[in-house]
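A.B. asks: The UniProt record's numbering applies: residue 1 is where the sequence shown begins, and numbers increase by one.
C-beta atoms are modelled at their ideal positions from N, C-alpha and C, and glycine is treated no differently.
Bear in mind that the values here come from a model prediction, so they are computed numbers and not experimental data.
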Amino acid sequence: MTKILMVCLGNICRSPLAEGILKSKLSTNTFFIDSAGTGAYHIGKNPDSRSIAVAKKYGLDISNLRGRQFNVSDFDKFDIIYAMDESNYRNIISLARDDQDKAKVKFILNEIYPDQNYNVPDPYYGGHDGFENVYKMLDEACTIIANSLINSSNDNS
């Protein structure tokens with residue numbers, strides 16, 4: 001089973017959206033997708049109501065997700081760790097114990113724009129349009145991720 005972790009700051013806006021989107025594109029029998037935040041601000045809380053609303057608009061229910069904080073043991077649990085932006089990437093890398101841990105961490109938008117290290121903007125302080133734009137970015141990246149994972153698992157079977 002391939003295990004993928006989506007990480008943003010508070011685990012209430014971007015990473016739960018990415019988790020829900022990618023889960024909708026992959027079989028839970030073959031893939032495990034989770035999300036976390038580098039900050040401890042929203043542990044145990046639901047995603048932001050605007051993330052829940054935009055996900056619902058596209059047929060996804062992320063209302064049951066709960067915020068949790070990224071920790072060092074996540075390097076042992078997950079095969080791929082997607083950071084939503086440079087700040088979170090640096091925070092994750094700062095906890096890495098070795099090059100093997102570091103190799104698991106990627107910028108999610110590099111799936112669309114290879115090696116550009118673009119940030120998924122944090123929509124928290126913006127209006128509803130920010131959540132819509134973030135959803136579309138993450139949906140595009142997650143489609144590429146899902147297709148790549150499905151193709152590689154088919155190649156291995």
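Can you check the UniProt domain "Phosphotyrosine protein phosphatase I" (2-148) for any alpha helix (DSSP H) of at least 4 residues that lies completely inside it and give the ranges in chain order?
C.D. replies: 14-25, 49-57, 74-77, 86-95, 99-103
A.B. asks: Just tell me which of Ile145, Gly130, Ile150 has its CA closest to the CA of Ala55.
C.D. replies: Taking each of Ile145, Gly130, Ile150 in turn and checking the Cα distance to Ala55, the smallest one comes out for Gly130.
A.B. asks: Given a threshold of 16 other Cβ atoms within 10 Å of its Cβ, counted over all protein chains shown, does Glu19 qualify as buried or as exposed?
C.D. replies: buried
A.B. asks: Can you give me the C-alpha to C-alpha distance between Val72 and Ile93, rounded to a whole angstrom?
C.D. replies: 10 Å
A.B. asks: Closer than 8 Å is the cut-off here; do at least three beta carbon pairs connect the region 67-83 with the region 35-53?
C.D. replies: yes
A.B. asks: May I ask you to check if the CB of Lys104 is nearer than 8 Å to at least one heavy atom of the ligand NAD?
C.D. replies: As presented, the structure is devoid of all ligands, the ligand NAD included, so that no description of it is given.
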